[in-house]
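Participant:
2 protein chains.
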Amino acid sequence: MNSQDEFFNLDNPDQGIQRQLAEGISTRIFPGDQAMLSVVTLAPDAVGTLHSHAEEQWGVMLEGEAVRIQDGKEVPVRAGDFWRTPGGIEHSVRAGPQGARILDIFSPPREIYKTSGSGFGTD
Amino acid sequence: MNSQDEFFNLDNPDQGIQRQLAEGISTRIFPGDQAMLSVVTLAPDAVGTLHSHAEEQWGVMLEGEAVRIQDGKEVPVRAGDFWRTPGGIEHSVRAGPQGARILDIFSPPREIYKTSGSGFGTD
Numbered sequence: 000m001n002s003q004d005e006f007f008n009l010d011n012p013d014q015g016i017q018r019q020l021a022e023g024i025s026t027r028i029f030p031g032d033q034a035m036l037s038v039v040t041l042a043p044d045a046v047g048t049l050h051s052h053a054e055e056q057w058g059v060m061l062e063g064e065a066v067r068i069q070d071g072k073e074v075p076v077r078a079g080d081f082w083r084t085p086g087g088i089e090h091s092v093r094a095g096p097q098g099a100r101i102l103d104i105f106s107p108p109r110e111i112y113k114t115s116g117s118g119f120g121t122d
Numbered sequence: 000m001n002s003q004d005e006f007f008n009l010d011n012p013d014q015g016i017q018r019q020l021a022e023g024i025s026t027r028i029f030p031g032d033q034a035m036l037s038v039v040t041l042a043p044d045a046v047g048t049l050h051s052h053a054e055e056q057w058g059v060m061l062e063g064e065a066v067r068i069q070d071g072k073e074v075p076v077r078a079g080d081f082w083r084t085p086g087g088i089e090h091s092v093r094a095g096p097q098g099a100r101i102l103d104i105f106s107p108p109r110e111i112y113k114t115s116g117s118g119f120g121t122d
């Protein structure tokens, strides 16, 4: 593989594996060997589905505001905030009125996200 | 651990394990179970040290411009660009004249970065 193939951009709609996570929530997924990145776009007031998976997850709020639902708590988050979601912890997200963009990181990579599809997947 | 302890901010200087990577390049490190985040601040024209490690690495350009040196090539990068560095690949970075901020992701976590110190570490 040419090393140039390892360079991407958050705004390039032609890169990544497309996935519709929920109504108003879409993502582009970039699988690596040990970690997987997911560039998530949330429409205004879009709401995710409460779910969990064994893989560790980190989220980085790139734009907008949202409420992170995690381990039974609701935490307001805005651009610059980031968080860790240990494996097995139930979580979801609710976008603010301006929508949001979040970079999710999964480690190890989630198998179900390696192919295009829909939904959050669950264990 | 209270779930609130899993929430951080890119701009909070009191969070993370401090590390001086090189002259003009400092970071705050957040270790997880499967992945580790590193919020790197580069002074204008700061230059890293060419090195490699077994862990996979991803970099996300948060602010500024830089040249990513990876696998013998030099790739100009700016805010919004991101890249994957497979384990074992030599890499470094050279900040632009305005400096830069980069979010690095390591998986698995780098042991040497779990404690405060200096330098990039090498295998």
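Order-wise, the sequence lines are chains A and B. Take the first sequence: its position 74, counting from 1, is numbered 73 in numbering that gives the first Met the number 0, and each next residue is one higher. Take the second sequence: its position 73, counting from 1, is numbered 72 in numbering that gives the first Met the number 0, and each next residue is one higher. Every residue gets a Cβ at the ideal spot worked out from N, C-alpha and C, and that includes glycine.
Please name the residues in the stretch 96 to 114 of chain B whose beta-carbon is closer than 8 Å to at least one beta-carbon of chain A, in chain order.
Facilitator: The residues in question are Leu-102, Ile-104, Ser-106 and Pro-107.
Participant: Which residues in chain B have a C-beta closer than 9 Å to the C-beta of Asp-13 of chain A? List them in chain order.
Facilitator: Indexing the first sequence from 1 puts residue 13 of chain A at position 14. Chain B residues near Asp-13 of chain A: none, gap ~14 Å exceeds 9 Å.
Participant: Of all the options A:Arg-27, A:Ile-88 and A:Thr-40, which has the alpha carbon lying nearest to the alpha carbon of Ile-68 of chain A?
Facilitator: As a position in the first sequence, residue 68 of chain A is number 69, starting the count at 1. Comparing Cα positions, the closest option is A:Ile-88.
Participant: Along the stretch 25 to 44 of chain A, what residues have a CB closer than 9 Å to any CB found in chain B?
Facilitator: Result list: Phe-29, Gly-31, Asp-32, Gln-33, Ala-34, Leu-36 and Val-38.
Participant: Give, in chain order, every unbroken run of the beta strand (DSSP E) that is at least 3 residues long and sits entirely within the stretch 21 to 47 of chain A.
Facilitator: As far as the stretch 21 to 47 of chain A is concerned, its whole beta strand (DSSP E) runs of at least 3 residues are 24 to 30 and 35 to 41.
Participant: Would you decide whether Arg-77 of chain A is buried or exposed? Buried here means 16 or more other CB atoms lie within 10 Å of its CB.
Facilitator: Taking the first residue of the first sequence as 1, we reach residue 77 of chain A at position 78. By the 10 Å Cβ count, Arg-77 of chain A comes out exposed.
Participant: Where does Thr-114 of chain B land, buried or exposed, given buried means 16+ other C-beta within 10 angstroms?
Facilitator: Mapped onto the second sequence, residue 114 of chain B falls at position 115. Flag for Thr-114 of chain B reads exposed.
Participant: Would a check of beta-carbon distances place Leu-9 of chain A closer than 8 Å to chain B?
Facilitator: Residue 9 of chain A sits at position 10 when you count from the first residue of the first sequence. True, the Cβ-Cβ gap to chain B drops below 8 Å.
Participant: Between A:Phe-6, A:Arg-27 and A:Phe-7, which lies nearest to Gly-116 of chain A when the distance is taken from Cα to Cα?
Facilitator: Along the first sequence, one-based indexing puts residue 116 of chain A at 117. That would be A:Arg-27, whose Cα lies nearest to the Cα of Gly-116 of chain A.
Participant: Mind listing the chain B neighbours of Arg-18 of chain A? Cutoff is C-beta to C-beta under 7 Å, in chain order.
Facilitator: What you label residue 18 of chain A is simply residue 19 of the first sequence in a count that begins at 1. Those within 7 Å of Arg-18 of chain A in chain B number zero; the least Cβ separation is about 18 Å.
Participant: Roughly how many whole angstroms lie between the Cα atoms of Leu-20 of chain A and Phe-119 of chain A?
Facilitator: To locate residue 20 of chain A, count along the first sequence from 1; it is residue 21. To locate residue 119 of chain A, count along the first sequence from 1; it is residue 120. Looking at the two C-alpha atoms, the distance is approximately 5 Å.
Participant: Roughly how many angstroms lie between the CA atoms of Ala-53 of chain A and Gly-47 of chain A, to the nearest whole one?
Facilitator: Position 54 of the first sequence holds residue 53 of chain A. Position 48 of the first sequence holds residue 47 of chain A. Near 18 Å, if we compare the C-alpha coordinates of Gly-47 of chain A and Ala-53 of chain A.
Participant: Whole beta strand (DSSP E) runs in the stretch 52 to 96 of chain B with 3 or more residues, listed along the chain?
Facilitator: Whole beta strand (DSSP E) segments, 3+ residues: 55 to 69, 72 to 77 and 80 to 84.
Participant: Identify which residue in B:Val-74, B:Val-38, B:Ile-24 and B:Ala-34 has its Cα closest to the Cα of Asn-8 of chain B.
Facilitator: Taking the first residue of the second sequence as 1, we reach residue 8 of chain B at position 9. Asn-8 of chain B has its Cα closest to that of B:Val-38, out of B:Val-74, B:Val-38, B:Ile-24 and B:Ala-34.
Participant: Nearest to Ile-16 of chain A by alpha carbon, out of A:Glu-22, A:Met-35 and A:Ala-42?
Facilitator: Counted from its first residue, the first sequence places residue 16 of chain A at position 17. The shortest Cα separation from Ile-16 of chain A among A:Glu-22, A:Met-35 and A:Ala-42 belongs to A:Met-35.
Participant: When you compare the CB positions of Glu-5 of chain A and Thr-40 of chain B, do they come within less than 8 Å of one another, or not?
Facilitator: Along the first sequence, one-based indexing puts residue 5 of chain A at 6. Along the second sequence, one-based indexing puts residue 40 of chain B at 41. No, the Cβ-Cβ distance between Glu-5 of chain A and Thr-40 of chain B is not below 8 Å.
Participant: Measuring alpha carbon to alpha carbon, tell me which residue in B:Gly-71, B:Asp-32, B:Arg-18 and B:Arg-109 is nearest Val-92 of chain B.
Facilitator: What you label residue 92 of chain B is simply residue 93 of the second sequence in a count that begins at 1. Among B:Gly-71, B:Asp-32, B:Arg-18 and B:Arg-109, the Cα nearest to that of Val-92 of chain B is on B:Gly-71.
Participant: With a cut-off of 8 Å on the beta carbons, I'd call Gly-58 of chain B and Phe-29 of chain B a contact; round off their distance for me.
Facilitator: Translated into the one-based positions of the second sequence, residue 58 of chain B becomes position 59. Translated into the one-based positions of the second sequence, residue 29 of chain B becomes position 30. 15 Å between Cβ atoms; not a contact.
Participant: Determine the DSSP secondary structure at Asp-4 of chain B, reduced to helix, strand or coil.
Facilitator: If you number the second sequence from 1, residue 4 of chain B lands on position 5. Three-state result, Asp-4 of chain B: helix.
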